[in-house]
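What follows is one structure encoded as C-alpha cells, with my remarks underneath.
Dropping the structure here:
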C-alpha cells in the first residue's frame, strides 16, 4: 500500500442484486462493480494531485435510487417494471384498435372496394351469376383474415375452365348471356388516364391490326408517351421476314400521328420480344404507373402474365405478383375493371378493361361462336384462283379466259366477295382462323346458296343465332383497286375482327400458269370487287403486309431522309 497525504477511507458495502451499480464516490477515481452476498470492506486512497490544498467539503451527489433505509427494495423495482410493461401494452392495444377502425371504415364506404384479382370486378355476395360474386361464408372468412385481395370470383373460375360467359352489352357488347356492364361504362373507367402522368403500353393484334389499333387512342391516353406492342406474331405464316413486318408496322403507325416511343413485335405464348418490352418499360417508366391498354381480346392479360414471368427472374416483387395474375380467356370482356398489380418497385402496373369496338366481327356473332374467330395456330393462307372455279357447264377455256369474274366467294357466313373485274391470273389469299372456311359459287346463285347453307356449310354463325338474331350481310362496299406492279400484291382487304385478304393481280400460287399474258397485264391496271359484311363491321384497304417467304422478296423499304429517320420510332423483335 502506497503512502498518501490523505488518510484512507473505509466504505462498508452491502450486496446489491439483482442489479449491479458502479460505485463512484466524489473525487475518487476508483470504480468497482460488486456482486457479493457477504459484506465487504474496501479501502480507497485519494489520487488528488493538489496535496498542499486543503480538502474542500462538498455535498455528495445523491443517486436516483437513493441509499440507506430509503432505497427502493427489490420488490418495488419489480413492481415499477411490471407497471411500465402493462402501460406499454395498453398503449399498443389502443393503437391497434384505432388502426382496425380506420381499415373497417375504408372497406365499408368511401375508401377501397376490394375486387376480384382475375377480372377486376368489385366483390359482391348477392348476384351469383354476375362478375365479382363470392360465397358469403367465403367472403366473411377472407375478410376476417384480411385476405380479400386474394379472392377469385365465381365467373373467373368458370372462365378459367373454358366456359364462354359474356358480361358486356351496349354498343360494342356481345350477344348471348346476361349483360352486366356496357361498353360505354368500361370506356368511362379509362377516361382518367388522359389527366394522369402515366406510361401507356398499347397492344395491337397483328392478325387484326387495323380493327384492334384504337385509332382514337388519344381520347384515352392524352399526351402520355406510348409503347406500341404488337402481339401474336407467332401466328404469322412460316418463313415471314420480321424485318419487313416491323418496318411495315412502323409505316402504318406513322400515319396515325401518335406519340409512339418504340414498336415491339412480341408473342406472349413463346415470350418472343417480351424482354425488349421489359427493358423499354424500365427505361421510360421514371416513377410513373404503367397502364396496359388495348381493344377487347387483344391479349392484354396474356401479355401481363408473360411480362410478370420475365420480370420474376430478377425481381422478387414480380415473382409474388404472379401468384395472383389476371385470368386469360377467349371471351372478349374478361376484364371488367382495372386490376392493380405490384410488379415494380416505385410504380404500379395496371391491367385495364378492353375497349370494346362495335365494328369488329366479335360484336355481331353469338358468344358460343367466339372461339371460332380466335386463331389457335400459325396462319396458312387459303388461296383462290381461276383453278378453283367450279366447271359446271362451262368449258375449261372459258374459265381460263374469264378467271374468277362473275363468281362470289364466301368466307364462312361473315363475308362475301363478288368478283366483278379481275385478271385471269388474279389470286385472292385469305388469312384468318382455320375454322372459317371459304366457298366459291356463281354470283347469280349466291343469294340462294347463302340462305340454304348459312349455319351448315357457311359457319359462323351457328345454332340459335341463325333463327333468332342473325340479320345477314346487310352492308356492301365497292372496291376499285389500282396497281402498278403486277409482280407484287396490290393491297390487303382487312375485315375488322376476322383477318385479311391479300389481293395479287398475278398470283404465284398452285394452279396458275407461269406463262402470263404480259400485254393484258400492262393494259389492265385496276381490279373491281364488292365486299358484303354484317352491318357494323368495317372494311379497311391497306398496303399489303409482307408475310410468308414471298413477302421478303417483293417488300420495298421506304427511302427516308435523316430527319425522317430521327422522328421515326424504332422497332424491336
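Numbering (my numbering), first residue to last: 4 to 576. All C-beta atoms, glycine included, are put in the ideal place defined by N, C-alpha and C. No experiment lies behind these values; they were computed from the predicted model shown.
Judging by CA-CA distance, which residue of the options is the nearest neighbour of residue i?
i	options	result
residue 137	118, 147, 148 and 149	118
residue 446	207, 463 and 412	412
residue 3	500, 495, 557 and 503	This structure does not reach residue 3, given that the chain is present from 4 up to 576, and the question cannot be answered.
residue 586	503, 538 and 433	Beyond the ends of the chain as shown, which are 4 and 576, falls residue 586; an answer cannot be given.
residue 121	272, 344 and 89	344
residue 210	562, 555 and 547	547
residue 557	507, 491, 574 and 540	491
residue 370	171, 103, 95 and 266	171
residue 191	335, 358, 154 and 352	358
residue 405	386, 428 and 421	428
residue 306	148, 272 and 289	272
residue 503	530, 464, 549 and 472	549
residue 236	571, 457, 551 and 562	551
residue 432	393, 240 and 576	240
residue 103	511, 146 and 81	146
residue 571	189, 254, 75 and 383	254
residue 262	280, 82, 205 and 379	205
From residue i to residue j, what distance separates their C-alpha atoms?
i	j	result
residue 224	residue 416	36 Å
residue 160	residue 132	12 Å
residue 341	residue 156	15 Å
residue 19	residue 78	A caution first: residue 19 carries a pLDDT of 43, below 50, which makes its placement in the model too unreliable to give a value.
residue 408	residue 212	29 Å
residue 270	residue 381	12 Å
residue 498	residue 278	31 Å
residue 312	residue 325	7 Å
residue 461	residue 438	10 Å
residue 268	residue 129	43 Å
residue 52	residue 73	Bear in mind that the predicted position of residue 52 carries a pLDDT of just 44, short of 50, making it too unreliable to give a figure here.
residue 291	residue 285	10 Å
residue 567	residue 187	38 Å
residue 227	residue 296	12 Å
residue 221	residue 231	13 Å
residue 390	residue 459	25 Å
residue 508	residue 243	21 Å
residue 123	residue 574	32 Å
residue 529	residue 483	7 Å
residue 289	residue 162	36 Å
So what does DSSP say about residue i, is it helix, strand or coil?
i	result
residue 559	coil
residue 419	strand
residue 195	helix
residue 201	strand
residue 19	Reliability of the predicted coordinates at residue 19 is poor, the pLDDT of 43 falling under 50, and no value is obtained from them.
residue 487	coil
residue 541	coil
residue 575	strand
residue 496	strand
residue 450	helix
residue 379	coil
residue 165	coil
residue 386	strand
residue 320	helix
residue 81	helix
residue 315	coil
residue 570	helix
residue 343	strand
residue 188	helix
residue 532	strand
residue 554	helix
residue 504	strand
Enumerate in chain order the residues of its own chain whose CB-to-CB distance from residue i is below 8 Å, with the five nearest sequence positions on each side excluded.
i	result
residue 564	none
residue 1	One cannot answer for residue 1 here, as it falls past the ends of the chain, which runs 4 to 576.
residue 198	225
residue 351	292, 293, 343, 344 and 345
Using C-beta distances below 7 Å, list every residue in its chain close to residue i, excluding the 5 sequence neighbours before and after it, in chain order.
i	result
residue 304	329, 330, 331, 337, 338 and 354
residue 298	215, 217, 357, 358 and 360
residue 560	250
residue 247	549, 554, 555 and 558
Going along the chain, which residues of its own chain have a beta-carbon closer than 6 Å to the beta-carbon of residue i, five neighbours each way excluded?
i	result
residue 207	215, 216 and 233
residue 322	315
residue 274	309
residue 125	116, 118 and 135
residue 276	267, 268, 269 and 576
residue 99	none
Quick check on the DSSP output: what are the complete beta strand (DSSP E) runs of length 3 or more inside the stretch 215-300, in order along the chain? 229-234, 263-268 and 292-297
Inside the stretch 103-161 only - beta strand (DSSP E) runs reaching at least 3 residues: none
Runs of 3 residues minimum, wholly inside the stretch 349-376: which ones carry the beta strand (DSSP E) assignment? 352-354
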